[in-house]
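Peer 1: The sequence shown maps to residues 1 to 156 in full-length UniProt numbering.
A virtual CB, placed ideally from N, CA and C, is assigned to each residue, including glycine.
The structure's right below; bear with me while I get my questions together.
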Amino acid sequence: MSTIALKVNGKDVSTEVEDRALLVELIREELKLTGTHVGCDTSQCGACVVHVDGVAMKSCTMFAVQANGADVRTIEGVAEGDALHPMQAAFAEHHGLQCGFCTPGMVMTAIDMVRRLGNDLDEATIRHELEGNICRCTGYQNIVKAIKAGASAMAS
1 MSTIALKVNG KDVSTEVEDR ALLVELIREE LKLTGTHVGC DTSQCGACVV
51 HVDGVAMKSC TMFAVQANGA DVRTIEGVAE GDALHPMQAA FAEHHGLQCG
101 FCTPGMVMTA IDMVRRLGND LDEATIRHEL EGNICRCTGY QNIVKAIKAG
151 ASAMAS
């Protein structure tokens, strides 16, 4: 067991974790932030994407002890109070979801995509960047539309 200290969604957290515990387990089981999903157990689906020190990471591929000292942001931490993040609002407005299971990971990936690549994203770039995220419900049409709209809104 190790004691780790990190910041999660702006709040300081200090906790004891098993050395083999995954970051997603800490987030979901210890911190009860269940917006981050586990969808595949093989790091293929992207449902578990969070931001670690501002960079999108699949939290099922990272040990919790590796996040010691890090700033972690989950889907629960991207809104400003009651106001949705522009990317969350774009997913709602453009129906970039069906069942919603993949949506938190898609939104977190999209926010990171805009951070890295800017606000002027074309469809081919968005589709390429989403290769690590799987949606089993849609043909990605509305997800791509939502990301384009969210990127534009983030520029404002």
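1. Can you check whether the CB of Ser-59 is closer than 7 Å to the CB of Leu-23?
2. Which of the three DSSP states is assigned to Phe-101 in this structure?
3. Less than 7 Å between the beta carbons of Ala-90 and Ala-149, yes or no?
4. Expressed to the nearest angstrom, what Euclidean distance is found between the alpha-carbon atoms of Cys-48 and Thr-36?
5. Tell me which same chain residues have a C-beta within less than 6 Å of the C-beta of Thr-138, skipping the five on either side of it?
6. How is Glu-18 classed by DSSP in three states: helix, strand or coil?
Peer 2: Taking the coordinates as given:
1. As a first step, residue 23 is located in the sequence shown; it is residue number 23 there, counting from the start. As a first step, residue 59 is located in the sequence shown; it is residue number 59 there, counting from the start. Yes; because the gap between Cβ atoms is below 7 Å, this pair is in contact.
2. Within the sequence shown, residue 101 is the residue found at index 101, counting from 1. Phe-101 falls in the coil class under three-state DSSP.
3. Mapped onto the sequence shown, residue 90 falls at position 90. Mapped onto the sequence shown, residue 149 falls at position 149. Contact flag set, yes.
4. Taking the first residue of the sequence shown as 1, we reach residue 48 at position 48. Taking the first residue of the sequence shown as 1, we reach residue 36 at position 36. One C-alpha to the other measures close to 5 Å.
5. Here residue 138 refers to the residue found at position 138 when the sequence shown is read from its first residue. Closer than 6 Å at the Cβ level, and outside the excluded window around Thr-138, lie Gln-98.
6. As a first step, residue 18 is located in the sequence shown; it is residue number 18 there, counting from the start. In the structure shown, Glu-18 sits in coil (DSSP, three-state: anything other than H, G, I, E or B).
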